[in-house]
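Here is the structure we will look at, set down as structure tokens.
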Amino acid sequence: GAGVSQSPSNKVTEKGKDVELRCDPISGHTALYWYRQRLGQGLEFLIYFQGNSAPDKSGLPSDRFSAERTGESVSTLTIQRTQQEDSAVYLCASSSHGQTGELFFGEGSRLTVL
Amino acid sequence: KQEVTQIPAALSVPEGENLVLNCSFTDSAIYNLQWFRQDPGKGLTSLLLIQSSQREQTSGRLNASLDKSSGRSTLYIAASQPGDSATYLCAVDDDKIIFGKGTRLHILP
Numbered sequence: 001g002a003g004v005s006q007s008p009s010n011k012v013t014e015k016g017k018d019v020e021l022r023c024d025p026i027s028g029h030t031a032l033y034w035y036r037q038r039l040g041q042g043l044e045f046l047i048y049f050q051g052n053s054a055p056d057k058s059g060l061p062s063d064r065f066s067a068e069r070t071g072e073s074v075s076t077l078t079i080q081r082t083q084q085e086d087s088a089v090y091l092c093a094s095s096s097h098g099q100t101g102e103l104f105f106g107e108g109s110r111l112t113v114l
Numbered sequence: 115k116q117e118v119t120q121i122p123a124a125l126s127v128p129e130g131e132n133l134v135l136n137c138s139f140t141d142s143a144i145y146n147l148q149w150f151r152q153d154p155g156k157g158l159t160s161l162l163l164i165q166s167s168q169r170e171q172t173s174g175r176l177n178a179s180l181d182k183s184s185g186r187s188t189l190y191i192a193a194s195q196p197g198d199s200a201t202y203l204c205a206v207d208d209d210k211i212i213f214g215k216g217t218r219l220h221i222l223p
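One line per chain: the protein sequences are U and L, in this order.
Okay, so the first sequence: first residue is 1 according to the numbering used here, each after it adds one.
Okay, so the second sequence: first residue is 115 according to the numbering used here, each after it adds one.
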């Protein structure tokens, strides 16, 4: 596609529900990154994929968070049993080369947990 | 553990002035450094990417420099305009891509 696409753009859920956030990277980009940005805060690294593999999962805040990528394309970030502190914008980015390429971001998925 | 610091946290300057934003990082073993801007409620837009072997990059009124050995980068904005008002973030790539907290820039008309 022309850019990184994220869905849904907005999600309101009740505490305890599971949510899935989707990221479609730019076609051909091998590296994909997930970040969390709480209101008024900086970007918090969550996880990155090189192809379909995630070399570093250390940024995931808890075992309620998981992510996968298939076909070296779409990625989903799943949050189980959501808590109010999970409320944030979740940003996805992709690049053509994991360590030398320019990073392009989607518009983000805004999650609100009531 | 890589840490990225941006100073100042916020800056207001009159239109037309030249300005410099600073970014420092603790581990110089990076592959590249990238500057972004973020408008309120929006995603990030890439401004400039500097590879570890490069010293600077230029795009229009923007110039970014990199001194890897000292762990510093600067973003120079010439002849600032109200449309430059945004948050500017730098990010370093050392396998993970780590961001600073940004500088909120306000250009006064």
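Glycine is no exception: its CB is placed at the ideal position from the N, C-alpha and C atoms.
CB contact below 7 angstroms: residue i versus chain L
i, result
"Leu114/U", "no"
"Gly40/U", "no"
"Asp86/U", "no"
"Asp56/U", "yes"
"Gly16/U", "no"
"Gly106/U", "yes"
Rounded straight-line distance, which links the Cα of residue j to that of residue i
i, j, result
"Leu91/U", "Gln195/L", "28 angstroms"
"Gln165/L", "Gly101/U", "9 angstroms"
"Leu39/U", "Gly3/U", "24 angstroms"
"Cys204/L", "Leu43/U", "11 angstroms"
"Pro55/U", "Ser66/U", "14 angstroms"
Test: residue i CB closer than 7 angstroms to a CB of chain U
i, result
"Gly157/L", "yes"
"Lys182/L", "no"
"Leu219/L", "no"
"Lys210/L", "yes"
"Leu189/L", "no"
"Ser194/L", "no"
Beta-carbon proximity of residue i to residue j, cut-off 7 angstroms
i, j, result
"Gln50/U", "Cys23/U", "no"
"Val113/U", "Lys15/U", "yes"
"Ser199/L", "Leu219/L", "yes"
"Thr201/L", "Gln152/L", "yes"
"Ser75/U", "Leu32/U", "yes"
Where residue i falls, given that 16 or more other Cβ within 10 Å makes a residue buried
i, result
"Pro25/U", "buried"
"Asp207/L", "buried"
"Thr217/L", "buried"
"Asp17/U", "In the sequence under discussion, the amino acid at residue 17/U is Lys, which differs from the Asp named in the question. By the 10 Å Cβ count, Lys17/U comes out exposed."
Touch test, the region 98-113 of chain U against the region 116-129 of chain L, Cβ-Cβ under 8 angstroms, three pairs minimum: no
Touching by the beta-carbon criterion (3+ pairs, under 8 angstroms), the region 137-153 of chain L and the region 59-72 of chain U: Three or more beta-carbon pairs separated by less than 8 angstroms are not found between the region 137-153 of chain L and the region 59-72 of chain U, which leaves the two stretches without contact.
Any 3 or more C-beta pairs closer than 8 angstroms across the region 208-218 of chain L and the region 164-184 of chain L: no
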